[in-house]
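In the working numbering, the protein residues as written are 2 to 223. C-beta atoms are modelled at their ideal positions from N, C-alpha and C, and glycine is treated no differently.
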Amino acid sequence: MEPLPLLRPEFPALLVPVAGRMAVAFVCGALVGSEREWKGKPAGLRTNILICLGAALFTMGSEFMAKFVAHAPQESTRIAAQIVSGVGFIGAGAILRSGRGVVGLTTAATIWLVAAIGVVVGMGYWLVGLITAVMTVVTLVALGRVEKRLMGPCDMRTVEVELGPDRPVTLARLEAILESAHWPTRVDKIEAHDGGTRVRFTYCARHPSHRGILWDLGQILE
C-alpha cells in the first residue's frame with residue numbers, strides 16, 4: 002500500500018479559495034457572536050465563530066471529496082445535510098425551561114442560523130453569508146429594542162420568601178442568585194422571622210426573559 006502524500010496535487014489551486022471562504026466564515030461568525038457575547042449569552046463570540054467555521058469546513062470537505070477522491074462513497078456529498086442534525090444538539094443545550102415557558106430559544110435559533118451561514122459560505126456564496134450575518138445582527142439588536150418598546154417598561158412586583166431555621170444553605174444560594182441575576186431585581190429586605198428568615202425582593206413580571214429568576218428560585222426552594 003502506497004503512503005498517502007502530504008499534500009494532494011489539487012491543494013495549491015485550492016489554497017486561495019479555501020482560505021477566502023474560511024476567512025469569510027470567521028467574519029460572519031464573529032459578527033453574530035460579538036452581539037451574543039455583548040449580551041452575555043451562553044453561545045458567545047468563540048462558539049459562533051467555531052460553529053460557522055466548522056459548518057464551512059464540512060461543506061467544503063464534502064465538495065472536495067465528491068470532486069477529487071476516487072470511488073468516494075455517495076454519502077460523502079451528504080455531509081452538509083448532517084450539519085443541521087449536529088447543530089441541533091448544540092442548540093438544545095442552550096434551551097432551558099423557565100416555569101411554564103422556555104428561555105434560550107433565540108440563542109438556539111442563532112446557532113442554527115450561524116451553521117446555515119457557514120454552509121453557504123463553504124459552498125462559495127460568501128456574499129449571501131455576509132448579508133445574512135448582517136441581517137441577523139440587525140434582527141437581534143434593532144428588533145430586540147422594538148420588542149421591548151412594544152411590551153412597555155418593566156412591571157415590578159414584590160415577593161416575600163420565608164425560610165425555616167433549617168435552611169441556611171438555601172438562604173446563601175438565594176442571596177447569590179439575587180445578587181448575580183441578569184434580570185432587573187432588587188433585594189428589599191432580609192430579616193429574621195419566627196426563628197427563620199424572611200427575604201423580600203422585587204422583580205419584573207412583564208417581560209418573559211426577566212421572569213427567569215422565578216425558575217431559579219423554584220429550583221432551590223423545592
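Own chain partners of residue i with C-beta closer than 7 Å, once the 5 adjacent residues on each side are dropped
| i | result |
| --- | --- |
| H194 | E163 |
| I118 | C29, C53, G130, T133 and A134 |
| R101 | Residue placement at R101 is poorly supported in this model, since its pLDDT is 46, which falls under 50; the coordinates still yield a value, given next. No residues qualify anywhere along the chain. |
| L7 | Any reading at L7 is ruled out, since the residue's pLDDT is 47, under 50, leaving its predicted position unreliable. |
| I50 | F27, G30, A31 and G34 |
Boundaries of the alpha helix (DSSP H) in which residue i is found, first to last residue
| i | result |
| --- | --- |
| A81 | I80 to G94 |
| G123 | L106 to G123 |
Same chain only: Cβ atoms within 6 Å of residue i, ignoring 5 sequence neighbours per side
| i | result |
| --- | --- |
| E3 | Caution is warranted here: a pLDDT of 44 is assigned to E3, below 50, making its placement in the model unreliable, and no coordinate value can be reported. |
| R201 | E161, D189 and K190 |
| I91 | I112 |
| I80 | F59 and S63 |
Host beta strand (DSSP E) of residue i (start-end)
| i | result |
| --- | --- |
| D156 | Run containing D156: none; DSSP gives neither H nor E here. |
| D195 | No beta strand (DSSP E) contains D195, which DSSP labels as neither H nor E. |
Neighbourhood of residue i by C-beta, 8 Å cutoff - its chain only, sequence neighbours within 5 removed
| i | result |
| --- | --- |
| V88 | I52, A56, I112, W113 and A116 |
| G45 | G34, R37 and E38 |
Local Cβ density within 10 Å of residue i, reported as buried at 16 or more and exposed below that
| i | result |
| --- | --- |
| G21 | exposed |
| S63 | buried |
| A93 | exposed |
| R37 | buried |
| T48 | buried |
Of the residues the options, the one placed nearest residue i, counting alpha carbons only
| i | options | result |
| --- | --- | --- |
| D156 | L128, T203 and M124 | T203 |
| T107 | K40, Q83, E192 and R199 | K40 |
| W127 | L144, G34, V33 and M23 | M23 |
| M124 | R199, A82 and G105 | A82 |
| V19 | F65, T48 and R47 | F65 |
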